[in-house]
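*Asks:*
Chains as they are written, first to last, in this note's numbering: chain A, 192 to 365; chain B, 25 to 351.
Here it is as structure tokens:
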């Protein structure tokens, strides 16, 4: 069968992109190979490991099991879109400070899932963090420090809000 | 792994779906994609035409007395109306796969989960090296190799037994209109055919819950290796309606299993033995033992059939006792 292709108009990290893609291409294929956003990792490619997690309209989604043609016109955020200009996001800073990356391959997926968790629940306990990240695997098994990093980010965010005397979204904490 | 070439259709109404299904003989319906696309990547029964159900408002109606088939498992898990009306449905949804998969996977997709087998859910290379299986490229089942055999791949959906417990009715739409089928009669005991009386171009649009759904106490127990991700290796749902408030005599009961057959199965004979009695440990033990004797798990999942069979007793007993208010 000849391959069915179409021009897709995607909105990636706030930037409009036009890419030529097969109907069968997953969002992961398009992000890595057409948009050259290689922060999103191809792990198991079957939805098991969570390395390919991105956010679509704010929801964490497995890009390896999402056809790119299905998300035309929706807001896609990859790990490259987490940072604010030259500054890392507070969650990324917390990851570095807690030593939550070993080989680092799973880190983008964890960051995208954890970012959503903290927006839904800015004060999660360790069990809630573990449950929210249950779809992400770290083959280096560095889970304790990953949970530490999310906890640290949440605590810093709370302190930031107290200092400012108001509640702000974690992404606004710069 | 690349998804093999296909043509994707993105209809925005049921009429467009029916037009596409009539135009194309060989097609698959795409819900969340967390089951179908994995199979496609492993070159399992790939169809040239794929019809997406993501853009159909009919499949996205608000959850409540009716459960729209296109709602995600995450939405089912967090729906406050369902938590009131049929709390075991969101609870069972929360036990499916992982939080990330539940964001995409749909209620309809979980009910239509393709049957699974050790000899089927493998890469193309693995299947070539092992003569494949009846459900893929071969002409004989590797689990139960007898002439004229049917596929014994295991049904692994978690929601079907729970919804059967509530007495859910599947509403399917087709070119000739809508029809309703009790969920217990929806499936066919064949891992390839899978659905009874499926007519050309039909798809499930929603599940209706009966008026008395909130009067039933339902509990679901699931056997799996890990506390996340895994498909059930056995699952038992027990539903009871009390005569005179929680913990009193049982007025009506249903017991349903998953992951023991190619279909989710209602065990009406066992449930009848609960009726007119109060739940006690001895009764739960007795029914659990009977269920263990009834189920016939095949050697086609990670755990041994002997263990899964033994655990049917445990799961059933736990689910019955969990119906009691003190639990």
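Virtual Cβ for every residue (Gly too), placed ideally from N, Cα, C.
Return the residue from the list B:254, B:217 and B:239 that minimises the CA-CA distance to residue 276 of chain B.
*Replies:* With distances taken between Cα atoms, residue 276 of chain B lies closest to B:239.
*Asks:* Ignoring anything shorter than 4 residues or poking outside the stretch 31-114 of chain B, list the alpha helix (DSSP H) runs there in chain order.
*Replies:* Complete alpha helix (DSSP H) runs here, min 4: 38-47, 60-65, 97-101 and 104-109.
*Asks:* Let me see if you follow: with CB-CB separation under 8 Å, is residue 58 of chain B close to chain A or not?
*Replies:* Yes, its Cβ sits closer than 8 Å to a Cβ of chain A.
*Asks:* Which residues of the stretch 212-226 of chain A have a Cβ closer than 9 Å to any Cβ of chain B? Give them in chain order.
*Replies:* Answer set for the stretch 212-226 of chain A: 213, 214, 215, 216, 217 and 220.
*Asks:* CA-CA distance, residue 125 of chain B and residue 252 of chain A?
*Replies:* So the two alpha carbons sit approximately 8 Å from each other.
*Asks:* Using a 10 Å radius around the Cβ and a threshold of 16 neighbouring Cβ atoms, would you call residue 150 of chain B buried or exposed?
*Replies:* By the neighbour-count rule (16 or more Cβ atoms within 10 Å), residue 150 of chain B is not buried but exposed.
*Asks:* Could you tell me whether the Cβ atoms of residue 247 of chain B and residue 259 of chain B are closer together than 8 Å?
*Replies:* Yes, the Cβ-Cβ distance between residue 247 of chain B and residue 259 of chain B is below 8 Å.
*Asks:* Which whole-angstrom value describes the C-beta separation of residue 260 of chain A and residue 32 of chain B, a residue pair presumed to lie in contact below a C-beta threshold of 8 Å?
*Replies:* Yes, they are in contact, since the Cβ atoms of residue 260 of chain A and residue 32 of chain B sit about 5 Å apart, within 8 Å.
*Asks:* From the DSSP secondary-structure annotation, give me the bridge partner or partners of residue 314 of chain B.
*Replies:* In the DSSP output, where bridge partners are listed per residue, residue 314 of chain B has none listed.
*Asks:* Bridge partners of residue 204 of chain B, per DSSP?
*Replies:* B:195, per the DSSP bridge assignment.
*Asks:* If you count every other CB in all the chains shown that lies within 10 Å of the CB of residue 276 of chain A, and 16 or more means buried, which is it?
*Replies:* Flag for residue 276 of chain A reads exposed.
*Asks:* As a quick exercise: from B:101, B:331, B:323 and B:231, pick the residue whose alpha carbon is nearest that of residue 192 of chain B.
*Replies:* When each option's Cα is compared against that of residue 192 of chain B, the closest is B:231.
*Asks:* Can you find the residues in the same chain that come closer than 6 Å, C-beta to C-beta, to residue 266 of chain A, ignoring five residues on each side of it along the sequence?
*Replies:* So the list reads 202 and 248, once near-sequence residues are dropped.
*Asks:* By Cβ distance below 8 Å, which residues in the same chain neighbour residue 123 of chain B in space, the five residues on each side in sequence not counted?
*Replies:* Hits under 8 Å: 98.
*Asks:* Which residues of the stretch 257-278 of chain A have a Cβ closer than 8 Å to any Cβ of chain B? Give them in chain order.
*Replies:* Within the stretch 257-278 of chain A, the qualifying residues are 257, 258, 260 and 261.
*Asks:* The ligand FAD heavy atoms versus the CB of residue 265 of chain B: any closer than 7 Å?
*Replies:* In terms of ligand content, the structure shown is empty, and the ligand FAD therefore cannot be addressed.
*Asks:* Apart from the five residues just before and just after residue 222 of chain B, which ones in its own chain have a Cβ nearer than 7 Å to its Cβ?
*Replies:* Here the set comprises nothing.
*Asks:* Could you tell me the distance, in whole angstroms, from the CA atom of residue 107 of chain B to the CA atom of residue 128 of chain B?
*Replies:* Roughly 20 Å between the two C-alpha positions.
*Asks:* Mapping the DSSP letters down to three states, classify residue 119 of chain B as helix, strand or coil.
*Replies:* In this structure, residue 119 of chain B counts as coil in the three-state DSSP scheme.
*Asks:* Tell me, please, whether the CB atom of residue 252 of chain B is closer than 8 Å to any CB atom in chain A?
*Replies:* Yes - at least one Cβ of chain A is within 8 Å of the one on residue 252 of chain B.
*Asks:* Give the range of the alpha helix (DSSP H) segment to which residue 246 of chain B is assigned.
*Replies:* Not the alpha helix (DSSP H): residue 246 of chain B falls in the beta strand (DSSP E), residues 240-247.
*Asks:* Would you list the residues sitting across from residue 251 of chain A in a DSSP beta bridge?
*Replies:* DSSP output for residue 251 of chain A lists A:246 as bridge partner(s).
*Asks:* Can you tell me the Cα-Cα spacing of residue 195 of chain A and residue 354 of chain A, whole angstroms?
*Replies:* Using only the alpha carbons, I get a separation of about 55 Å.
*Asks:* Starting from the C-beta of residue 347 of chain A, find all residues in its chain whose C-beta is less than 7 Å away, skip the five residues before and the five after it, and write them out in chain order.
*Replies:* 281 and 285, listed in sequence order.
*Asks:* Identify which residue in A:331, A:268 and A:308 has its Cα closest to the Cα of residue 231 of chain A.
*Replies:* Ranking A:331, A:268 and A:308 by Cα distance to residue 231 of chain A puts A:268 first.
*Asks:* Is the Cβ of residue 353 of chain A closer than 8 Å to any Cβ of chain B?
*Replies:* Answer no: the Cβ-Cβ gap between residue 353 of chain A and chain B never drops below 8 Å.
*Asks:* Starting from residue 323 of chain A, trace the beta strand (DSSP E) in both directions and tell me its first and last residue.
*Replies:* Taken as a continuous stretch (DSSP letters only), residue 323 of chain A belongs to no beta strand (DSSP E), being part of the alpha helix (DSSP H) at 317-323.
*Asks:* Just how far apart, CA to CA, sit residue 273 of chain B and residue 304 of chain B?
*Replies:* C-alpha separation (whole angstroms): 11 Å.
*Asks:* Decide yes or no for the touch test of the stretch 309-318 of chain B against the stretch 277-296 of chain B: beta carbon pairs closer than 8 Å, at least 3 of them.
*Replies:* Judged by Cβ distances under 8 Å, the stretch 309-318 of chain B makes contact with the stretch 277-296 of chain B, as three or more pairs qualify.
*Asks:* Can you find a C-beta in chain B that's less than 8 Å from the C-beta of residue 283 of chain A?
*Replies:* No, residue 283 of chain A lies away from the interface with chain B (no Cβ there is under 8 Å from its Cβ).
*Asks:* Can you tell me the Cα-Cα spacing of residue 204 of chain B and residue 330 of chain A, whole angstroms?
*Replies:* Between residue 204 of chain B and residue 330 of chain A, the C-alpha separation is close to 47 Å.
*Asks:* Among A:219, A:250 and A:256, which residue has its Cα nearest to the Cα of residue 311 of chain A?
*Replies:* Nearest option by C-alpha distance: A:250.
*Asks:* With 8 Å as the threshold, decide whether the Cβ of residue 323 of chain A is near any Cβ in chain B.
*Replies:* So yes, residue 323 of chain A belongs to the interface.
*Asks:* For residue 306 of chain A, which residues in chain B fall below 7 Å Cβ to Cβ?
*Replies:* In chain order: nothing, as chain B lies at least about 13 Å away.
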